[in-house]
Amino acid sequence: MTPNFDFHALAPEIILSATIVIVLVADLLFADRERWQTPRIATIGVLASLVPVITLAIDGTNRVMFANAAGSGAYVVDPYALTFKALFLVAAYVTLLVSVDYIGEGDYYQGEFYFLLLTSVLGMIVMASARDLITIFVALETISIPTFVLAGWRKHDPKSNEASIKYYLIGVLSSAVMLYGMSFIFGFSGSTLLTDIAQFASATPDVAPLFIVAIFLTLVGFAFKISAVPFHFWVPDTYEGAPTPVTAFLSVSSKAGGFVALLTVVYVGFFPSVNSWQPVLWVFAALSMIVGNLVALRQTNIVRMLAYSSVAQGGFILVPLAVAQDGRASAASLEAVVTYLLIYAAMNLGAFAVVIAVSRRTRSAEISSYAGLGQFAPVLAILMSIFLFSLAGIPPLAGWYAKFMMFRAVLDAGTPWAIVLGVIAAVNSVIAFFYYTAVVRQMWFKEPAIEGTRSVEIPTALGVAIAICGATVVVIGVYPQLFGRLGELARF
Amino acid sequence: MIMNQFLILSAFLFCVGVYGVLARRNGVLVLMSVELMLNGVNLNLIAFSARLHAVSGQVFALFIITIAAAEVGVGLAIVLLIYRNLRSPDLDGVDQLKG
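Taken in sequence, the protein lines are chains X and U.
With the first letter of the first sequence counted as 1, position 391 gets the number 391 in this note's numbering; the numbers rise by one all the way through.
Here this note's numbering = 1-based position in the second sequence + 1000.
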């Protein structure tokens, strides 16, 4: 097999890798007072790697690398991959904007932060193209390992250490379980290529129980990454202990990376053996929605509340996957998952950006510290309300459209199990409404707890980040066709 | 080629690793247990690869070995940080955040 390198297809990865090296070296060479240049280089690099993603999208041909005789390869650049590459790069750009002032004002080193963040993003854009168990494993670890370090960024803070070690231990445990499952899948199908695994699964309708166990173990590994219940224990602790920009990154980009891996493995690899993976995802989806929402109800810290809310949102994203059927309904499910992920990224990043902005003034992450935010920072309060209502799924905001797509996928599938899951999702949407509005009530109907009416100062970068997220959430909510098209395009 | 002895050995290694991760309190021993789990996986992959004459299993094992080294490097760094802050590598002492 002669490897064929298509440099246009690999351009986003190459530009980002070059940026990573430059950021690392530049941090070494810059004098202390020039250190602020590092985030600028990182930002330019991320935007530069968006350019080839756009040119590849305009070009529109599916590019397959390391192809076998049947024309399916380990590394594929298709509309699905491009959609997610664009999502990861834009999310990385917003995360950089959110982190610049937070990291710049802290007393810890800066350069490594951007280096680690970009390395994790590199893993994500590789993941979007990966169609092979080995590539998926390497991409998943490239996403995870830098985030273990990022979670423990505040080295002298025992809470940050704890966030890091819990995340690390559960991360490596889940990869080991996932690999054990993958080793048996390789043993059965004789190949690590997902298309070959799909061929094996469709050629043998009544597969061995061990193959089903192998699929189960692989899915458990991904369940840790996407923080599905019952594998969510690390989420609230890691989210609370890690620096807030890192938490935003974990809850959006890293989680979306796990979802992309799950989507690819399920749709390209395991799909024909539907009875082995679907019940597992059904249980994950139902438990994530129920547990995530019920526990979120009694949180007093906004970061922990958003952590459990993200567990619950992960459950909602899993719903279309857990009811996916053959034929037309399978395309509807994929479209629903992709759309939900894109919208979830915008609204969750926005909510965390506001949390960072508010904590600059209040130095607290307690929900009670949001009392009277509408009085001393009306713009922030309005935007926070928009993000929270969007997460709750209230029209005309983007989250509403995401939920609409999800329920449509459930109705398209139409099986009894799908309907049961749809009912669970509907009940949970109502429960979620309570804890999101609790924060909104604090902001608008309570008197401020802190003296003085000095407004919150927002640095430009953070303001731009919040504006991007807010505009996305409102525009998609009012005019969903704009985004619906993207969801439709994202096909394998 | 008889497969069972390889699969049983790898399953045993994997289970010892899982037990170690769950039962050990010392951070360094937990990391060693993770390594045991990964070596169980490697053994599986190489056995299957030899039986099926498919090279990709061995390639997979090589990638796992490399990445496991990087992972343990990061893990040791985190355990070292905890040791510096708490004066003990004991993971039970790390309980400020309540899940």
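The C-beta atom is built at its ideal place from N, Cα and C for all residues, glycine as well.
Any idea what DSSP makes of residue 65/X, helix, strand or coil? strand
I'd like the span of the beta strand (DSSP E) that includes residue 106/X, first residue to last. Here residue 106/X belongs to no beta strand (DSSP E), and DSSP marks it neither H nor E.
So, is the C-beta of residue 1058/U closer than 8 Å to a C-beta in chain X? no
Would you report the Cα separation of residue 242/X and residue 226/X, rounded to the nearest angstrom? 17 Å
Cutoff 8 Å: residue 1008/U Cβ touching any chain X Cβ: The beta carbon of residue 1008/U does not come within 8 Å of any beta carbon belonging to chain X, so the residue lies off that interface.
Verify whether the separation of the beta carbon atoms of residue 349/X and residue 246/X is less than 8 Å. no
Between residue 1101/U and chain X, is there a C-beta pair that is closer than 8 Å? No statement about residue 1101/U is possible, as the shown extent of chain U runs from 1001 to 1099 and does not include it.
Between residue 357/X and residue 374/X, what straight-line distance do the alpha-carbon atoms span, to the nearest angstrom? One C-alpha to the other measures close to 14 Å.
Beta carbon of residue 1021/U, beta carbon of residue 1028/U: below 8 Å? no
Member of 147/X, 178/X, 156/X and 118/X whose CA lies at the smallest distance from the CA of residue 166/X: 147/X
So which residues on chain X does residue 1037/U lean against when the C-beta distance must stay under 9 Å? 172, 173, 176, 177, 179 and 180
Proximity test, Cβ basis, 8 Å: residue 1080/U and chain X: no
Which parts of the region 248 to 279 of chain X are runs of the alpha helix (DSSP H), unbroken and 4 residues or longer, counting only runs that do not cross its ends? Scanning the region 248 to 279 of chain X from its first residue to its last, the whole alpha helix (DSSP H) runs of 4-plus residues come out as 255 to 264.
Out of 173/X, 116/X and 134/X, which one is the CA nearest neighbour of residue 1061/U? 134/X
Residue 479/X by DSSP, collapsed to three states: which one? coil
Have a look at residue 1080/U and residue 170/X and give me their C-alpha separation to the nearest angstrom. Cα-Cα distance, rounded: 18 Å.
Quick check on residue 223/X: buried or exposed, where buried means 16 or more other Cβ atoms within 10 Å of its Cβ? buried
Give the DSSP bridge partners of residue 366/X, in chain order. 301/X
Is there a C-beta anywhere in chain U that falls below 8 Å from the one on residue 161/X? yes
Measuring only the C-alpha atoms, how far is residue 458/X from residue 368/X? 21 Å
Counting along the chain, where does the alpha helix (DSSP H) carrying residue 503/X start and finish? Any question about residue 503/X goes unanswered here, given that chain X covers just 1 to 492.
Taking DSSP as the reference, what is the three-state secondary structure of residue 78/X? coil
Cut-off 8 Å between Cβ atoms - residues of its own chain near residue 449/X, not counting five sequence neighbours on either side: 368, 369, 371 and 372
Quick check on residue 152/X - is its C-beta less than 8 Å from some C-beta in chain U? By the rule that beta-carbons nearer than 8 Å mark a contact, residue 152/X touches chain U.
From the DSSP secondary-structure annotation, give me the bridge partner or partners of residue 130/X. 75/X
Which of the residues in the region 191 to 206 of chain X, read from start to end, lie with their CB under 9 Å from any CB of chain U? Per Cβ criterion, the list reads 191, 192 and 193.
Through-space distance from residue 30/X to residue 344/X, alpha-carbon basis: 37 Å
Could you give the DSSP three-state label for residue 1097/U: helix, strand or coil? coil
Looking at the secondary structure, which residues open and close the alpha helix (DSSP H) in which residue 1071/U lies? 1056 to 1086
Beta carbons nearer than 7 Å to chain U: which residues of the region 218 to 237 of chain X have them? 233, 236 and 237
Beta carbon proximity, residue 76/X to chain U, threshold 8 Å: no
Give me, in chain order, the residues of the same chain whose beta-carbon lies closer than 8 Å to that of residue 38/X; leave out the 5 immediate sequence neighbours on both sides. 23, 26, 27, 30, 110, 111 and 114
Tell me whether residue 232/X is buried or exposed, calling it buried when 16 or more other Cβ atoms sit within 10 Å of its Cβ. buried
At 8 Å on the CB atoms, spell out the chain U contacts of residue 134/X, in chain order. 1056, 1059, 1060 and 1063
Counting Cβ pairs, one atom from each stretch, are 3 or more of them under 8 Å apart for the region 136 to 147 of chain X and the region 207 to 218 of chain X? no
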